[in-house]
Amino acid sequence: GENVEQHPSTLSVQEGDSAVIKCTYSDSASNYFPWYKQELGKGPQLIIDIRSNVGEKKDQRIAVTLNKTAKHFSLHITETQPEDSAVYFCAASRYGANAGKSTFGDGTTLTVKP
Amino acid sequence: NAGVMQNPRHLVRRRGQEARLRCSPMKGHSHVYWYRQLPEEGLKFMVYLQKENIIDESGMPKERFSAEFPKEGPSILRIQQVVRGDSAAYFCASSPPRGGGSNYGYTFGSGTRLTVV
C-alpha cells in the first residue's frame, strides 16, 4: 500500500519568513496530493491540492510543488503570520473511478513566532 | 450548506462499554471515511464507505470495530467492549463522487474525542 513520509515533524520560523514542508510517497499510482491544516481541537481543513498532471500550484501565500519522478511534493508558505501556526498534513491518493482512501503523513507542527 | 457533522464531540466510556460515533456527510457527498488520531500523532485510515457498502476496511481492527453507512441516516462507527487503548480522536471525512471533474479533497468533521476510563 501507499506510504507517505513527511519532514520535518516540527518547524519554527519568525513571522515574515518562509516555511517549507516536504513529503515523499511510495505508490506511483497516486495522482492527487492534498494538504491539510489542523488547528488545536479542530478537524483538518483542506488548504491546497495538486494533481499529478501539474508541477506547481499557487494560492496567495501558499504554493505546492510536485516532482512525479522523485515521488516528492512540498508545501511552501511565504510571509508567514502567527495565524499560520498549526499542524500541517500532506496526503496522497487517487482520483477517478478507482479512487480510494488518502494516506496521510505524520504531520508537521509549524510555529510562527511574532 | 452544513459541513460534516459529527456527534458527540466528546464521549466518555468505561472499559467494556460500547461507543457509537455518528457522522453525517456534507450534502451531495456520497463517500465517507473514518480516521483515528492518537495524541501527537497523524491520521490513521480506518474505513471507507459509500451508501450501504464498505469499500475498504483495511485499517479497521479485526475485532470490536465495525462501521456502516445506511441508505438513510448517518454513518456509524461502533466500538464494542472499549479498552483504554481506544482513547483517541475519531474523525469522519466526506467527499463527492470521485469521477472526473470533482474536488477530491476531504471535508472533515470536528471529530469525536473518545476517552475510556
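For the record, the sequence lines run as chains Z and U. Each residue of the first sequence is one higher than the one before, counting from 263 in my numbering. Each residue of the second sequence is one higher than the one before, counting from 29 in my numbering. Note that beta-carbon positions come from the ideal geometry of N, C-alpha and C, so glycine has one too. Keep in mind that this is a model prediction, so the values were computed, not measured.
Which of the three DSSP states, helix, strand or coil, is assigned to residue i?
{"i": "Z:P344", "result": "helix"}
{"i": "U:R50", "result": "strand"}
{"i": "U:G128", "result": "Reliability fails at U:G128, whose pLDDT of 48 lies under 50, so the model's placement of it is uncertain and the value that follows must be treated cautiously. The answer is coil: DSSP assigns U:G128 none of H, G, I, E or B."}
{"i": "U:D114", "result": "helix"}
{"i": "U:R43", "result": "coil"}
{"i": "Z:K284", "result": "strand"}
{"i": "U:E69", "result": "coil"}
{"i": "Z:D321", "result": "strand"}
{"i": "Z:K375", "result": "strand"}
{"i": "U:H148", "result": "Since the first and last residues shown for chain U are 29 and 145, residue 148 of chain U lies out of range."}
{"i": "Z:E267", "result": "strand"}
{"i": "U:Q108", "result": "coil"}
{"i": "U:T135", "result": "strand"}
{"i": "U:A30", "result": "coil"}
{"i": "Z:Y357", "result": "coil"}
{"i": "Z:S290", "result": "coil"}
{"i": "Z:V316", "result": "coil"}
Could you work out which residues of chain Z lie near residue i, taking near to mean beta carbons separated by less than 9 Å?
{"i": "U:F73", "result": "K363, S364, T365, F366"}
{"i": "U:E69", "result": "D368, G369"}
{"i": "U:G139", "result": "G303, K304, G305"}
Kindly indicate the opening and closing residues of the beta strand (DSSP E) around residue i.
{"i": "Z:T272", "result": "272-276"}
{"i": "U:E96", "result": "93-96"}
{"i": "Z:Y294", "result": "294-300"}
{"i": "U:M33", "result": "33-35"}
{"i": "Z:H334", "result": "334-339"}
{"i": "Z:Q307", "result": "307-313"}
{"i": "U:R141", "result": "140-144"}
{"i": "U:D84", "result": "81-84"}
Once the 5 residues before and after residue i are set aside, which same chain residues still bring their CB inside 7 Å of it?
{"i": "U:K99", "result": "K79, E80"}
{"i": "U:L77", "result": "V60, I83, A95, F97, S103"}
{"i": "U:F119", "result": "Y63, Q65, L71, F136, G137, G139"}
{"i": "Z:Q343", "result": "E277, V374"}
{"i": "U:S115", "result": "L142, T143, V144"}
{"i": "Z:H269", "result": "K284"}
{"i": "U:V40", "result": "T143, V145"}
{"i": "U:L105", "result": "L49, W62, A95, Y118"}
{"i": "Z:E341", "result": "G278, R323"}
{"i": "U:V111", "result": "R43, V144"}
Might you give, ordered along the chain, the residues of its own chain that have their beta carbon closer than 6 Å to the beta carbon of residue i, omitting 5 neighbours on each side?
{"i": "Z:V349", "result": "Q300, G369, T371"}
{"i": "Z:D289", "result": "E264"}
{"i": "Z:T286", "result": "E267, K333, H334"}
{"i": "Z:A354", "result": "E264, V266, Y287, S292, F295, T365"}
{"i": "Z:L308", "result": "P296, Y298"}
{"i": "U:G128", "result": "In this prediction, U:G128 scores a pLDDT of 48, lower than 50, which makes its location untrustworthy; the coordinate-derived value is nonetheless stated afterwards. Counting only Cβ-Cβ distances below 6 Å, and skipping sequence neighbours, we find nothing."}
{"i": "Z:I312", "result": "F295, K319, V326, L328"}
Who are the Cβ neighbours of residue i in its own chain at under 8 Å, not counting the five residues just before and after it?
{"i": "U:R37", "result": "S138, G139, T140, R141"}
{"i": "Z:S314", "result": "S292, N293, Y294, F295, L328, K330"}
{"i": "Z:G303", "result": "none"}
{"i": "U:M88", "result": "M74, V75, S94, A95"}
{"i": "Z:S280", "result": "H338, I339, T340, E341, T342"}
Between residue i and the ligand GTP, is there a pair consisting of the residue's CB and a ligand heavy atom that are separated by less than 7 Å?
{"i": "U:H57", "result": "No copy of the ligand GTP occurs in the structure displayed, which carries no ligand at all."}
So residue i contacts chain U; which residues on that side make the cut at Cβ distance below 8 Å?
{"i": "Z:Q307", "result": "F136"}
{"i": "Z:F335", "result": "Residues of chain U passing the Cβ test: none, with the nearest at roughly 14 Å."}
If the cut is a Cβ gap below 9 Å, which residues of chain U does residue i touch?
{"i": "Z:P296", "result": "Y132, G133, Y134"}
Find the residues of chain Z that neighbour residue i, judging by a C-beta separation of less than 8 Å, and give them in chain order.
{"i": "U:D114", "result": "Under the 8 Å cutoff, chain Z gives no residues; its nearest Cβ is about 19 Å from U:D114."}
{"i": "U:G119", "result": "Per the sequence shown, the amino acid found at residue 119 of chain U is Phe instead of Gly. Those are G305, P306, listed as they occur along chain Z."}
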